[in-house]
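Residue 3 is where the sequence shown starts when you use this note's numbering, and the numbers rise one by one after that. Glycine residues also receive a C-beta, built at the ideal position from the N, C-alpha and C atoms. What follows is one structure encoded as structure tokens, with my remarks underneath.
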Amino acid sequence: MISFVWTDPLPLYSGRGGTESYTVGHIRELNRRGIAARILSYGLGKKDGREYFPDIQFKTLNSLGEISTLNDTIIYLNIPHNIPAKRQSYTMFHYPALEQHGRRLDYVRGLGNSIVMTNSRFLRSYWADFLDIEETAIQVVYPFADPAFSSVKRIKNPNGTTRVLYAGRLSPEKGIYLLLEALHHPVAKHQSPLANGFVFDVTTAGNQTLHGQVIETILKHHPWINVLEARHTPKEVAELFAAHDIVVMPSNNKFWHEAFGMVSIEAQHAGCRVIVSNSGGLPETNCGELILFEPGNSFKLARSIEKASKLGPLTKAARNEATKHFTLTESVDLLLQVLSNYDSTLQKHSKIDLQCPVTASNERQAILN
């Protein structure tokens, strides 16, 4: 059994972010391969998000100490816990350190002898610096685009407009305010976006929070933006992308660096051109249809939207090429290879020979001592 440990104070919301999509997608694929996998949640009771994922097994922990009694392969999600386990434990980081999760020393102590994994080379470098360990002690297991995105049928645009979608969470770090600023630059012909034949859609993803609700209210009163209900399953999100030509991921590089950006590869698999900030792990998401703009520069974002519009729809050949990158199969193969380095029972499922061995950090252990 592979158990992913969720100790975040918020439930495992569907459509809230990459951590959730990544983890649930891995569990589904592992179960499909006959490898038992589940979520262990602590601190939320049965209000841990299980209602969003009826096909996934959830187990509530009454105490974190219960982990010591399990014969599971333990993977902590973003928040490490130094708890003795019967097998080698791991911590998968999907984003940089957060103050609310503790100080650097808390992270170091929490990791103990866990093996560190990240979802991008950018994040591997960040955590190596933060923990003061070698990058070779950290393994990258890239995210993926669910097969639903590569198989979805594109929806033709009868009006001839350029359909632009912001599908990120309604939060400042995702760059929603930068997009609002970009709308007030002349995108083309020095006219308003609507006069140019642009349609801007934003989803309600992330409106579970107070801040998200405030941003949603602002957007609903904006004359150039349509607010759409967030989608929650890969199939629904894929269909949403298929109805748009461009997906934007502005991101805010002042206080948040996107670790990877699953939306980017999902949208490219669905046949969209994608515009992202040239920061964090976003440049790593290139499936061939990525347009980078200067971080924090709303004028450059507006010009990138104009550029993407002039390029027109993707050809079938370009989309087919994009779908060859960052597949679910490859991502789970990488995960299993990392785990099989320490668990002989998983070696039969592993197909990839990693170049860098995974080793616990001597530096980290020295700090603990």
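> I think Leu42 touches Trp8, with their Cβ atoms under 8 Å apart; what is that distance to the nearest whole Å?
Replying inline: Between Leu42 and Trp8, the beta carbon gap of about 7 Å places them in contact (Cβ cut-off 8 Å).
>> Let's test the definition: count the other Cβ atoms within 10 Å of the Cβ of Leu377 and tell me whether it reaches 16, buried, or not, exposed.
In response: No answer is possible for residue 377: the residues shown for the chain start at 3 and end at 371.
>> In whole angstroms, give me the CA-to-CA distance for Glu218 and Leu242.
In response: One C-alpha to the other measures close to 19 Å.
>> Using a 10 Å radius around the Cβ and a threshold of 16 neighbouring Cβ atoms, would you call Phe295 buried or exposed?
In response: Label assigned to Phe295: buried.
> Hey, how far is the Cα of Gly162 from the Cα of Gly199?
Replying inline: Gly162 and Gly199 have their C-alpha atoms some 8 Å from each other.
>> How far does the alpha helix (DSSP H) with Val265 in it extend, from its first residue to its last?
In response: That run of the alpha helix (DSSP H) goes Met264 to His271.
> Helix, strand or coil: which one does DSSP assign to Ser281?
Replying inline: Coil at Ser281, not helix or strand.
>> Quick check for students: name the residue ranges of the beta strand (DSSP E) that lie wholly in the segment 87-126, counting only runs of 3 or more.
In response: Within the segment 87-126, the complete beta strand (DSSP E) runs of at least 3 residues are 92-95 and 117-120.
> What are the residues that DSSP puts in a beta bridge with Asn228?
Replying inline: BP columns for Asn228 point to Asp203.
>> Can you tell me where the beta strand (DSSP E) holding Lys61 begins and where it ends?
In response: Note, Lys61: beta strand (DSSP E), Phe60 to Leu63.
> So what does DSSP say about Phe146, is it helix, strand or coil?
Replying inline: In the structure shown, the three-state DSSP call for Phe146 is coil.
> To the nearest angstrom, how far is it from the Cα of Pro359 to the Cα of Ala139?
Replying inline: With a pLDDT of 39 at Pro359, under the threshold of 50, the modelled position of that residue is not reliable, and no figure is offered here.
> When burial is assigned at 16 or more other CB atoms within 10 Å of the CB, is Pro145 buried or exposed?
Replying inline: Result: buried.
> Applying the criterion that 16 or more other CB atoms from any shown protein chain within 10 Å of the CB defines a buried residue, is Leu100 buried or exposed?
Replying inline: Exposed.
> What did DSSP end up calling Gln339 once you bin it into helix, strand or coil?
Replying inline: Correct three-state label for Gln339: helix.
> Which first and last residues belong to the beta strand (DSSP E) in which Leu292 is found?
Replying inline: Per DSSP, the unbroken beta strand (DSSP E) holding Leu292 starts and ends at Leu292 to Phe295.
> Distance, Cα to Cα, Thr206 vs Met3?
Replying inline: Our two residues, Thr206 and Met3, have alpha carbons roughly 35 Å apart in a direct line.
> At what residues does the beta strand (DSSP E) containing Ala38 begin and finish?
Replying inline: It is not in any beta strand (DSSP E) - Ala38 carries neither H nor E in the DSSP assignment.
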